[in-house]
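Heads up: the structure comes next, in C-alpha cells.
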Amino acid sequence: MQTNFTTAQLADPHVAESEKILRKCVHCGFCTATCPTYVTLGNELDSPRGRIYLIKDMLENGRAADKEIVTHIDRCLSCLACMTTCPSGVNYMHLVDHARVHIEKTYKRPLMNRLTRGVLAAVLPYPARFRAALKLARLGRPFTNAFDAVPALKPFAAMLRLAPATVPAASAMASPGTHAAKGNKNGRVAILTGCAQPVLEPGINEATVSLLNRLGIEVVVPKGEGCCGALVHHMGREEAALDQARQNVDAWTREIEQGGLDAIVITASGCGTTIKDYGFMLRLDPAYAEKAARVSALAKDITEYLVTLDLPEPQHKPGLTVAYHSACSMQHGQKITRQPKELLARAGFVVKEPREGHLCCGSAGTYNIMQPEISARLRDRKVKNIEATGAALVATGNIGCITQIASAANIPVVHTVKLLDWAYGGEKPAGLPAALLAAE
Ligand code: SF4
Ligand code: SF4
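Heads up, the sequence shown is in this note's numbering, so the first residue is 54 and it goes up one at a time.
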C-alpha cells in the first residue's frame, strides 16, 4: 500500500513503525474471511482491511480520532486472526495498538464510556480490588435487567452476568516464594500468577505448580510481579501498560540474575501474548529494551514449556472426550497450536477440534463487557460448534475464554493444565460432574 507520510511525521518512531506495517498491506482482503467482526457484521469497516484504511487515513492526516474510527476500532477484538491469514505478514497487532494509543490521546469518549473504562482499569489488574468487586457484584445482580435497558449501562449488566456466584478464597500459592522440586531438580522457572485468573480460578496456578514440582521443576513466584499490562495496553493507555511491563521485567530480571530461569511460565495465553511483546513495547526505552527482550524470549505458555520436558507415562488415563478450544491469543497471538492437543492426547484424552476454531469466542479481555452484543453472538456461535463435537468437556488455556464459554455451555470448561495435572497424578479438577467421572 502506498503511503504519504511527511518526513517530519516519520521522525516519530511510532508513526515510522506503523508506516512500515501499512506498506506491507496489498489490499487483498483475504483477512476479511477470518475476521469475527466482519463475519458477524458484514461491514467492510469492521474488517481488518477496512480498519487498516481508517488507521492510515487518521495517521497520515495527523488528525484526531473521530466517532467513526473509534466505533470500528473498539469493535476489533484484537483476536489477531487476520495476522494468521494475511499472506503479506502485516503486523496488525502493532498497528492497532498504535491506533488505540492515538485514540486515547486525541478523542474524548462519552462520560459513561470513560467511567466504565476507568473502573475496569482501576479494578481488574489488582486481585484484592477485583475480589472485592466480585463480592459486591452479588448485591448488584438484581439490577442486571435494569442496567441492560439503558445503553450506557449495558457494560455493567454484562459484568454482573459474568461475575461468578461464589468467589474462591485466595490461594497461598500466589504469595511470593519458592515451590521446591520433588526429587531431582531438573529446572527452575518463574510463574506469572496474574491478576484476574488467580481470583476467578486459583486452582489453575496451583495445578501448574503441583505438576511442575512433581516433574522436578522448581517454581518461583517472584516478589514484585503483577498484572502483565494487557488490559490497559488494549485500552491505549500506553504509559500505564509500560509501567506494568517494567515492574514485571524488574521482578523477573532479579530472578534471572539471582537463581537463573529456564522459562517464565504463563497459564493465561492473553498475558503470554503481551509478555512476548515486551521486547517490542519497551524497545525505545534504553534502560529496559535489552532486559525486556530477554524476558520476552523466556516467556512460555505452560504447554509450550511442558513439551520440552521429559514427561513420564501418565499415572491415570481419564479417556474422556475433550473439545479443545484454542484461544485466539494462543493460536493467533503466540502461534501455539500443536502442543496443547498433543499433551492432552498423550495424557489419554480423546481430543476433538470444533468447527470454525479460528473464530474468537467473544471474550477478548474486556470485550465481553464493552461490546456485549457482538460478544454474545460470537459466544453462542462458539458454544454451538463446541457442543456439536459431542465432547464431555472443553479444554482451553485462557481464563477469559473459560469464563466466556462457561457462561453459555452445558458442559464443563477446564483449563488444559488442570487436566494434565490430573492425568499425571494430581487432583481431579473440581466441578467435573460425578456422572462424567463414573463413566471414565
Ligand atoms: S484482530 Fe480480529 S477482530 Fe480485529 S481486525 Fe483482526 S481479525 Fe478482525
Ligand atoms: S490479508 Fe494482509 S495484505 Fe491482505 S488486506 Fe488483509 S492485511 Fe492487507
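For each residue, glycine too, the CB sits at the ideal point set by N, CA and C. As the structure is a prediction and not an experimental result, all values here were calculated from the model.
query                                                                                                               : result
Counted within 10 angstroms of its Cβ, other Cβ atoms place Glu310 as buried (16 or more) or exposed                : exposed
Among Val318, Phe196, Pro217, Asp303, nearest to Gly247 - alpha-carbon criterion                                    : Val318
Proximity below 9 Å, CB of Met39 to CB of His155                                                                    : Missing from the structure shown is residue 39; the chain here goes from 54 to 493 and no further.
Length of the line joining the Cα atoms of Thr138 and Glu271                                                        : 38 Å
Residues bridged to Leu446 (per DSSP)                                                                               : Val375
Residues near Gly22 in its chain [Cβ-Cβ closer than 7 Å; skip 5 each side]                                          : No information on residue 22 is available, as it lies outside the stretch 54 to 493 that the chain covers here.
In chain order, each alpha helix (DSSP H) run of at least 4 residues that lies wholly inside the segment 143 to 168 : 145 to 159
Complete runs of the beta strand (DSSP E) confined to the segment 361 to 407 [at least 3 residues]                  : 374 to 377, 403 to 405
Cβ-Cβ distance between Asn239 and Leu335 below 9 Å                                                                  : no
Below-9 Å beta-carbon distance, Lys435 vs any chain D residue                                                       : In the structure shown, chain D cannot be found, because there is only a single protein chain.
Close beta carbons around Ala294, own chain, < 6 Å, minus the five adjacent residues each side                      : Gly282, Val285, His286
Boundaries of the alpha helix (DSSP H) in which Ile319 is found, first to last residue                              : No alpha helix (DSSP H) contains Ile319, which is instead part of the beta strand (DSSP E) from 316 to 319.
Assumed close pair Leu187, Ala216 - CB separation to whole angstroms, cut-off 8 Å                                   : 5 Å
7 Å CB neighbourhood of Ala483 in its chain, flanking five on each side removed                                     : Gly256
Unbroken alpha helix (DSSP H) run spanning Gly453, endpoints                                                        : 452 to 459
Three-way DSSP call (helix, strand, coil) for Val242 in this model                                                  : strand
Asp338 - DSSP class collapsed to helix/strand/coil                                                                  : coil
Distance between beta carbons of Leu473 and Leu396, contact taken as under 8 Å                                      : 6 Å
Beta-ladder partner(s) of Asp354, from DSSP                                                                         : Ile319
Ser322: CB within 8 Å of a non-hydrogen atom of ligand 1                                                            : no
Counted within 10 angstroms of its Cβ, other Cβ atoms place Glu409 as buried (16 or more) or exposed                : exposed
DSSP beta-bridge partners of Val466                                                                                 : Val447
Whole-angstrom distance between Lys481 and Asn438, CA atom to CA atom                                               : 26 Å
Simplified DSSP state of Thr261, which is helix, strand or coil                                                     : helix
Straight-line Cα distance separating Arg299 from Glu292                                                             : 10 Å
Bridge-paired residues (DSSP) for Thr231                                                                            : Val273
Three-state class that DSSP yields for Asn266 in the structure shown                                                : helix
Span separating the alpha-carbon of Ala86 from that of Thr456                                                       : 26 Å
heavy atom of ligand 1 below 8 Å from Val273 C-beta                                                                 : no
Beta-carbon proximity of Thr179 to Gly323, cut-off 9 Å                                                              : The question names Thr, yet the displayed sequence has Tyr at residue 179. Not a contact, by the Cβ cut-off of 9 Å.
CB contact flag (Pro520, Lys276, <9 Å)                                                                              : Because the chain is modelled from 54 through 493, residue 520 falls outside the range shown and cannot be assessed.
Limits of the alpha helix (DSSP H) - the one that Asn198 falls within                                               : 197 to 201
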